[in-house]
Each structure stands twice: as C-alpha cells, then as structure tokens.
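Enquirer: Residue numbers (the numbering used here): 1 to 99. Every residue gets a Cβ at the ideal spot worked out from N, C-alpha and C, and that includes glycine.
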Amino acid sequence: MTEMTTRSPSAQADAEYVSQYDRLDDEPLSVAIVNAVATFGNESVTELEPLHYTINTDALERLFEPRTDGVRSGGSVSFEYLDYLVTVTAGGEIRVEAA
C-alpha cells in the first residue's frame with residue numbers, strides 16, 4: 001500500500017511530494033514511483049514515459065526488496081525521471097522534486 005503525503009503544498013520550484021512505500025506490499029516499487037511522479041506533476045500515469053527508459057527497474061526493485069534477514073535498514077538512490085528528481089530510501093520514502 002502506498003500512503004501519499006505532501007510536505008509542501010506550494011507549486012514553487014522547491015516544492016516536493018513525498019509518499020511512503022510499503023516494501024512488503026504487492027505493488028511494485030516502480031509503479032509506486034510513477035504514481036508519485038504523476039501525482040506531483042498533476043499528470044496521468046498513462047501519459048508518462050515508461051520508467052524503465054530512465055532506470056533499470058529490475059535493479060531498483062532488487063535494491064529495496066526485503067532480504068532473508070529482514071528489510072534493508074539504510075540506503076537511498078536518486079535519479080532524474082522526466083523533469084523530476086526522484087529519491088527512494090530504504091525506509092520506503094519516495095520523494096519527488098522538480099529537477
């Protein structure tokens with residue numbers, strides 16, 4: 001399940017959108033990222049370029065998937081997707097900002 005929260009309600013260049021991703025849920029991380037970007041950009045998911053054009057989504061999923069000894073306790077990855085800077089943390093946070 002993805003819980004969406006907005007940290008900054010303004011549409012300024014420094015605004016960001018943050019959602020919390022549950023790594024134990026059935027929704028793929030890549031889907032949660034695209035949903036967060038679409039929400040922040042006020043766009044339809046179907047109008048966005050596929051995420052795998054930007055980043056290896058299989059590798060991204062493996063970075064944050066639960067391990068045999070539990071979930072990862074630290075780490076993050078940031079990348080540009082379309083006109084946005086996306087940061088994913090091991091804690092399940094997906095942060096989207098204007099690039």
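Got a sec? Which residues, its chain only, sit under 6 Å from TYR84 by beta carbon, not counting five neighbours each side?
Expert: Counting only Cβ-Cβ distances below 6 Å, and skipping sequence neighbours, we find VAL37, VAL96 and ALA99.
Enquirer: Select from ARG67, THR54, ASP69 and ASP26 the residue whose C-alpha is nearest the C-alpha of SER78.
Expert: Comparing Cα positions, the closest option is THR54.
Enquirer: Pull up the distance between the alpha-carbon of ARG67 and that of LEU51, whole angstroms please.
Expert: Going from the Cα of ARG67 to the Cα of LEU51 covers about 24 Å.
Enquirer: Count the other CB atoms, across all protein chains shown, that sit within 10 Å of the CB of SER73; report buried if there are 16 or more and exposed otherwise.
Expert: Exposed is the call here.
Enquirer: Starting from the C-beta of GLU80, find all residues in its chain whose C-beta is less than 8 Å away, skip the five residues before and the five after it, and write them out in chain order.
Expert: Same-chain partners within the cutoff: THR54, VAL86 and ALA99.
Enquirer: To the nearest angstrom, how far is the alpha carbon of THR39 from that of LEU63?
Expert: Roughly 24 Å separates the two Cα atoms.
Enquirer: Taking the continuous alpha helix (DSSP H) assigned at ILE33, which residues delimit it?
Expert: Its alpha helix (DSSP H) spans residues 29 to 41.
Enquirer: Please classify GLU80: does DSSP put it in a helix, a strand, or coil?
Expert: Correct three-state label for GLU80: strand.
Enquirer: Are the CB atoms of ASP92 and TYR21 nearer to each other than 7 Å?
Expert: In the sequence on display, residue 92 carries Gly and not Asp. Cβ distance < 7 Å, so GLY92 and TYR21 count as in contact.
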